[in-house]
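To keep things clear, I will list the structure first and then write my remarks on it.
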Amino acid sequence: MSEETIVTPDLVDEHPEVAVVEPMFVNLGGRSAFGGEIVTVKCFEDNSVVKEQVGKEGHGRVLVVDGGGSLRIALLGDMLAEKASKNGWQGVIVYGCIRDVDVIGETDIGVQALATHPRKSEKRGLGDLNVAVSFGGVTFEPGHYVYADNNGIIVSAEPLPEVSV
Numbered sequence: 001m002s003e004e005t006i007v008t009p010d011l012v013d014e015h016p017e018v019a020v021v022e023p024m025f026v027n028l029g030g031r032s033a034f035g036g037e038i039v040t041v042k043c044f045e046d047n048s049v050v051k052e053q054v055g056k057e058g059h060g061r062v063l064v065v066d067g068g069g070s071l072r073i074a075l076l077g078d079m080l081a082e083k084a085s086k087n088g089w090q091g092v093i094v095y096g097c098i099r100d101v102d103v104i105g106e107t108d109i110g111v112q113a114l115a116t117h118p119r120k121s122e123k124r125g126l127g128d129l130n131v132a133v134s135f136g137g138v139t140f141e142p143g144h145y146v147y148a149d150n151n152g153i154i155v156s157a158e159p160l161p162e163v164s165v
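Take a look at the structure:
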């Protein structure tokens with residue numbers, strides 16, 4: 001999906017029914033705009049399921065990680081971002097922190113997160129895959145669609161026709 005085709009203000013104007021995530025995220029990836037079908041991970045200070053998912057084919061989807069808003073550890077680092085990029089993920093949205101932000105900023109993947117933190121997460125094998133997650137006033141349903149750019153993040157139950165996949 002071309003990042004030039006994603007301009008969230010234009011998409012919201014054309015589709016006022018979309019949900020708009022409350023402004024709290026920072027755009028940190030190498031792609032300034034990204035979007036695709038949602039895959040969710042719910043985890044708290046353990047990125048085991050995130051690591052597992054980015055190791056699989058992304059098929060142009062976006063990984064939405066509900067890290068419970070924790071600001072104590074990072075759930076995504078440069079090695080996982082690189083793996084996600086190579087495996088065809090469009091982006092990762094982390095309701096929590098990431099690390100290795102300078103390298104991630106040069107990686108061909110969209111990444112939005114609350115903040116950065118230098119501490120890596122625990123690996124205890126905990127987390128849930130493809131469950132509905134809610135943060136920022138929006139519920140992210142697996143199979144729905146998310147679009148993000150420097151203006152914000154929006155969620156739609158259906159793919160938006162203006163955005164080419």
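If you number the sequence shown the way the UniProt record's numbering does, the last residue is 165 and the count never jumps. C-beta: ideal position from N, C-alpha, C; glycine also.
Closer than 7 Å: residue i CB and nearest the ligand MN heavy atom
i	result
L126	With respect to the ligand MN, the structure offers nothing, as it holds no ligand at all.
Residue i to residue j span [Cα, whole Å]
i	j	result
V131	E106	30 Å
T139	H117	25 Å
H144	L160	11 Å
G137	F34	20 Å
E57	I98	21 Å
I73	K120	6 Å
Closest Cα partner of residue i within the set the options
i	options	result
G68	V39, C43, E122 and G58	C43
D102	E82, L126 and G96	E82
G49	I154, C97, D128 and D10	The displayed chain sequence assigns Val, not Gly, to residue 49. Closest option to V49, Cα to Cα, is D128.
S32	L80, G96, A19 and I104	I104
D135	P16, G30 and V65	In the sequence as presented, Asp is not what sits at residue 135; that position holds Phe. That would be V65, whose Cα lies nearest to the Cα of F135.
Expected contact under 8 Å - CB spacing of residue i and residue j to nearest Å
i	j	result
G91	V62	5 Å
V111	L28	5 Å
T8	Y147	6 Å
V12	I154	6 Å
G60	G77	With a Cβ gap of about 22 Å, G60 and G77 do not count as contacting.
Own chain, CB closer than 7 Å to residue i, minus 5 neighbours either side, in chain order
i	result
S85	T107, D108 and I109
N122	Strictly speaking, residue 122 in this sequence is Glu, with Asn absent from that position. Once the five neighbours on either side are set aside, the close Cβ partners of E122 are E45 and D46.
P142	I38, V39, T40 and N130
E14	E162
* Three or more beta-carbon pairs under 8 Å between the segment 24 to 33 and the segment 41 to 60, yes or no? -> no
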